[in-house]
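Peer 1: Sharing a structure, written as structure tokens. Questions coming.
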Amino acid sequence: ANSVSPGAVDPAALGLIPAPRTLTAAAAGPYPLGYATPLTAGPGTEGVARWLRSTLGPATGLPLPAGDGTGTGAGDGSGTGSNGQGIVLALDESLAPEAYRLEVGATAVRITGGTAAGVFRGAQTLRQLLGPDAFRRAPLAPGRTWEVPPVVVEDEPRFGWRGMMLDVSRHFLPKEDVLRYLDLLAAHKLNVFHFHLTDDQGWRIEIKRYPRLTEVGSWRSRTKYGHRASELWDETPYGGFYTQDDIREIVAYAAERHIRVVPEIDIPGHSQATITAYPELGNTDVVDTTTLSVWDNWGVSPNVLAPTEDTLRFFEGVLEEVLELFPAETSPFVHMGGDECPKDQWKESPLAQARIAELGVGDEDGLQSWFIRHFDAWLTERGRRLIGWDEILEGGLAEGAAVSSWRGYAGGVAAAEAGHDVVMCPEQQVYLDHRQDGGPDEPMPIGYVRTLEDVYRFEPVPPGLSERAARHILGTQANVWTEVMQNRARVDYQVFPRLAAFAEVAWSALPAPDDRDFAAFEARMTPHYARLDALGVDYRPPGGPYP
Ligand code: TNX
């Protein structure tokens, strides 16, 4: 079904998502894959070859033995491992880092990329070209033939930051589910995984020097979390966390897929789980923090961190372990939150008021900036960069900080105009916890309607931005808050198919929102749904949740 004859490339049948820059007919091909088809990895592409073999091997039942040489030879047409035959991966330094070229011929499929990341993005395209069954873990029909249709793809991303944020605090997703999500991001050519590890409702990362963060801070009751699932409305302890080895595994798995990980440790608000574990971190002069439990309700807890030197030292301790777990090469950014910090306790607290005077920061907003500025400098000294939610603009933006613009575009625009880097993730466009249809059956009690088409017409760079500021828009990410997603299936339902539309916005060179051809995108989604079926993704069916 995926074959096209030379000269007639049918994008709807091929269903490449995200759409490549150019897709043209090859002079020769299709290329048939067989038992002897070699896979040749040129220097620097060995990791991509390993990934391809471990993915296409189980799906096709083909061993893809290592080809000889560098993949630059002429080949003799025998398809038995000679130079230049089979699947050939190579670097081409004339290409941009994540750009690639995939060329199908009668005796070879050649993927070249500016870096291994580019070759990896091209390998994703190859997998899509092989058809939906290439996304399974065992061959449906051993002995069937596999063909790569005769096409040439030349491709590169619009943005260098194409991300998804996953909240594992409100509901915990086991490590296996996180690894699966990294596979799903990779399949859509996304390259940033923002890992929201802490919040009022649970602390999810093991920190050796503060064991209570997970012993105490990762557990709560399920109460009030079960929307339309009354069996979840009980007091059963609910929780979970990632050990440091789990985190190392997740980071390594992401790195193999050329995905950067942005760990988030959210301060000074969203901190009730932290304060439950270590009550001295709260505003003890206005609340008895020893009686707290991990927040088991929706929304934002009033219990925020006390603005003391001890609090700073505590989080320096946390971050020392975080930096060790998330190395600089794959985690240049560390997210420090900064969102939705209620200032009521600081207003009431004599200690906090004394700190405002002592630090000369003016008011409560200034206290919040004081936290963020401290960790901006602290991270910068260690070769990292701080990123925070757009509330970090209030009270003055820290010098080197980048901004995740979530309350619309305004924060991001202001930050970019002031020369700060920005990731656009406005909630009205790309919050995937919001419902995707207005119908009564939609399993989502809150949120605005954000349809697949809405996401497809999302534009990360607002009109009117100066060219200088536009250069500071690093890219965009979709955010997945999990208050009402109790498990992997619910996350899948909210995320798909909208993440496919988002990936195209982030990767492809789409025209202005009104000029985007949504019907053509939907046509390409037909084969893509078949891929998601093969992967076992519980996406929202196009017609709604119930047949
Ligand atoms: C706002 S976005 C939040 C989250 C919630 C989300 C629900 C942001 C920085 N804070 O804590 O989960 O809304 O849509």
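Numbering (full-length UniProt numbering), first residue to last: 4 to 550.
Heads up, the beta-carbon is just placed ideally off N, CA and C, and yes, glycines get one too.
Since this is a predicted model, take the numbers as computed values, not measurements.
1) Return the CA-CA distance between glycine 272 and glycine 47, expressed in angstroms with no decimal places.
2) Starting from the Cα of phenylalanine 123, find the closest Cα among Thr217, Arg104, Gly205 and give me that residue.
3) Given a cut-off of 8 Å, decide if methionine 488 and histidine 191 are closer than it, judged by their beta-carbon atoms.
4) In whole angstroms, what separates the C-alpha of glutamine 371 from that of valine 254?
5) Nearest-angstrom Cα distance between valine 91 and methionine 528?
6) Around the C-beta of tyrosine 549, are 16 or more other C-beta atoms found within 10 angstroms, so that it is buried, or is it exposed?
7) Can you round the beta-carbon distance between alanine 405 and valine 425 to whole angstroms, since I take them to be within the 8 Å contact cut?
8) Quick one: measure Cβ to Cβ for glycine 340 and tryptophan 392, integer angstroms, because I've assumed they're closer than 8 Å.
9) Please name the residue, chosen from Val458, Ile208, Ser408, Gly442, that lies closest to aspartate 342 on a Cα-to-Cα basis.
10) Straight-line CA distance for glycine 185 to isoleucine 262?
11) Taking the alpha-carbon positions, what's the arginine 410 to proline 429 distance?
12) If you compare alpha carbons, which of Phe336, Ala512, Leu42 is closest to glutamate 267?
13) Would you mind reading off the limits of the beta strand (DSSP E) that contains proline 266?
14) Let's test the definition: count the other Cβ atoms within 10 Å of the Cβ of proline 160 and tell me whether it reaches 16, buried, or not, exposed.
15) Taking DSSP as the reference, what is the three-state secondary structure of threonine 115?
16) For the ligand TNX, enumerate in chain order all residues having a CB closer than 6 Å to any of its heavy atoms.
17) Looking only at DSSP bridge pairs, what is arginine 124 linked to?
18) Here's the rule: buried if 16 or more other CB atoms are within 10 angstroms of the residue's CB, otherwise exposed. What is glycine 32?
19) Beta-carbon of tyrosine 496 versus every beta-carbon of chain B: anything under 8 Å?
20) Would DSSP call phenylalanine 521 helix, strand or coil?
21) Can you tell me the Cα-Cα spacing of valine 155 and valine 265, whole angstroms?
22) Just the C-alpha distance for alanine 357 and glutamate 327, rounded to the nearest angstrom, thanks.
23) Roughly how many angstroms separate the alpha carbons of alanine 421 and proline 463, rounded to a whole number?
24) Contact check, glutamine 480 vs histidine 197 under 8 Å by CB: the rounded distance?
25) Give, in chain order, every unbroken run of the alpha helix (DSSP H) that is at least 4 residues long and sits entirely within the stretch 260 to 326.
26) Terminal residues of the continuous beta strand (DSSP E) containing valine 181?
27) Quick check on DSSP: helix, strand or coil for leucine 92?
28) Can you tell me whether alanine 472 is buried or exposed? The criterion is at least 16 other CB atoms within 10 Å of its CB, across all chains shown.
29) Quick one: what's got a C-beta closer than 6 Å to threonine 485's C-beta in the same chain, skipping five residues either side?
30) Counting along the chain, where does the beta strand (DSSP E) carrying proline 240 start and finish?
31) Curious, which full-length beta strand (DSSP E) runs of at least 3 residues does the stretch 140 to 183 contain?
32) From the DSSP output, in three-state form, read off valine 337 for me.
33) Measure the Cβ-Cβ separation of glutamine 497 and leucine 435 and say whether it is below 8 Å.
34) Work out the CA separation of alanine 109 and asparagine 127 for me, nearest whole Å.
35) On a CA-only basis, which of Leu65, Trp222, Ala533, Arg212 is nearest tryptophan 149? Give me that one, please.
Peer 2: Short version:
1) For the purposes of this step, residue 272 is identified with residue 269 of the sequence shown, where counting begins at 1. For the purposes of this step, residue 47 is identified with residue 44 of the sequence shown, where counting begins at 1. Those two C-alpha atoms are separated by around 44 Å.
2) Along the sequence shown, one-based indexing puts residue 123 at 120. Of the listed residues, the one whose Cα sits closest to phenylalanine 123 is Arg104.
3) Indexing the sequence shown from 1 puts residue 191 at position 188. Indexing the sequence shown from 1 puts residue 488 at position 485. Not a contact, by the Cβ cut-off of 8 Å.
4) Reading the sequence shown from its first residue, position 368 is the one you call residue 371. Reading the sequence shown from its first residue, position 251 is the one you call residue 254. One C-alpha to the other measures close to 30 Å.
5) On the sequence shown, position 88 is the one that residue 91 refers to. On the sequence shown, position 525 is the one that residue 528 refers to. Taking the straight line from one Cα to the other gives about 28 Å.
6) As a working mapping, residue 549 is identified with position 546 in the sequence shown. Exposed, because fewer than 16 other Cβ atoms sit within 10 Å of the Cβ of tyrosine 549.
7) Indexing the sequence shown from 1 puts residue 405 at position 402. Indexing the sequence shown from 1 puts residue 425 at position 422. Indeed, because the Cβ distance is near 7 Å, the residues count as touching under 8 Å.
8) By 1-based counting over the sequence shown, the position of residue 340 is 337. By 1-based counting over the sequence shown, the position of residue 392 is 389. Right, the Cβ-Cβ distance comes to about 6 Å (below 8 Å), so this counts as a contact.
9) In the sequence shown, counting from the first residue as 1, residue 342 sits at position 339. Aspartate 342 has its Cα closest to that of Ser408, out of Val458, Ile208, Ser408, Gly442.
10) Mapped onto the sequence shown, residue 185 falls at position 182. Mapped onto the sequence shown, residue 262 falls at position 259. Position check: residue 185 holds leucine in this sequence, whereas glycine was assumed. Going from the Cα of leucine 185 to the Cα of isoleucine 262 covers about 8 Å.
11) Here the question's residue 410 lines up with position 407 in the sequence shown. Here the question's residue 429 lines up with position 426 in the sequence shown. Using only the alpha carbons, I get a separation of about 6 Å.
12) In the sequence shown, residue 267 corresponds to position 264, counting from 1. Residue Phe336 is the option with its Cα nearest to glutamate 267.
13) Stepping through the sequence shown from its first residue, residue 266 is reached at position 263. From DSSP, the beta strand (DSSP E) with proline 266 extends over 263 to 270.
14) Taking the sequence shown and counting its residues from 1, the one referred to as residue 160 is at position 157. Per the 10 Å Cβ criterion, buried.
15) Within the sequence shown, the letter at position 112 stands for residue 115. Strand at threonine 115.
16) Asp342, Glu343, Trp392, Trp409, Tyr434, Asp436, Trp484, Glu486
17) Locating residue 124 in the sequence shown gives position 121, where the first residue counts as 1. DSSP, once it has assigned bridges, lists no residue as partnering arginine 124.
18) In the sequence shown, the residue the question calls residue 32 occupies position 29. Buried is the call here.
19) Of the protein chains in the structure, only one exists, and it is not chain B.
20) Translated into positions along the sequence shown, residue 521 becomes position 518. In this structure, phenylalanine 521 counts as helix in the three-state DSSP scheme.
21) Taking the sequence shown and counting its residues from 1, the one referred to as residue 155 is at position 152. Taking the sequence shown and counting its residues from 1, the one referred to as residue 265 is at position 262. Between valine 155 and valine 265, the C-alpha separation is close to 34 Å.
22) Here the question's residue 357 lines up with position 354 in the sequence shown. Here the question's residue 327 lines up with position 324 in the sequence shown. Between alanine 357 and glutamate 327, the C-alpha separation is close to 35 Å.
23) On the sequence shown, residue 421 is found 418 positions in, with the first residue counted as 1. On the sequence shown, residue 463 is found 460 positions in, with the first residue counted as 1. Straight-line Cα distance between these residues: approximately 18 Å.
24) The sequence position of residue 480 within the sequence shown is 477, counting from 1. The sequence position of residue 197 within the sequence shown is 194, counting from 1. Between histidine 197 and glutamine 480 the Cβ distance is about 6 Å, and since that is below 8 Å, they are a contact.
25) 275 to 280
26) To locate residue 181, count along the sequence shown from 1; it is residue 178. Segment 178 to 190 is the alpha helix (DSSP H) holding valine 181; no beta strand (DSSP E) there.
27) One-based indexing of the sequence shown puts residue 92 at position 89. Three-state result, leucine 92: strand.
28) Counted from its first residue, the sequence shown places residue 472 at position 469. Buried: at least 16 other Cβ atoms inside 10 Å.
29) Residue numbering aside, residue 485 sits at position 482 when the sequence shown is read from its first letter. Around threonine 485: Asp170, Arg173, His174.
30) Within the sequence shown, numbered from 1, the residue matching residue 240 stands at position 237. Element bounds for proline 240: 240 to 242.
31) 149 to 151, 154 to 158, 164 to 170
32) Walking along the sequence shown from the start, residue 337 turns up at place 334. Reduced to three states, the DSSP call for valine 337 is strand.
33) One-based indexing of the sequence shown puts residue 497 at position 494. One-based indexing of the sequence shown puts residue 435 at position 432. In this structure, leucine 435 lies closer than 8 Å to glutamine 497 by Cβ.
34) Numbered from its first residue, the sequence shown carries residue 127 at position 124. Numbered from its first residue, the sequence shown carries residue 109 at position 106. Strictly speaking, residue 127 in this sequence is glutamine, with asparagine absent from that position. Taking the straight line joining both Cα atoms gives about 20 Å.
35) On the sequence shown, position 146 is the one that residue 149 refers to. Of the candidates Leu65, Trp222, Ala533, Arg212, the one whose C-alpha sits nearest the C-alpha of tryptophan 149 is Leu65.
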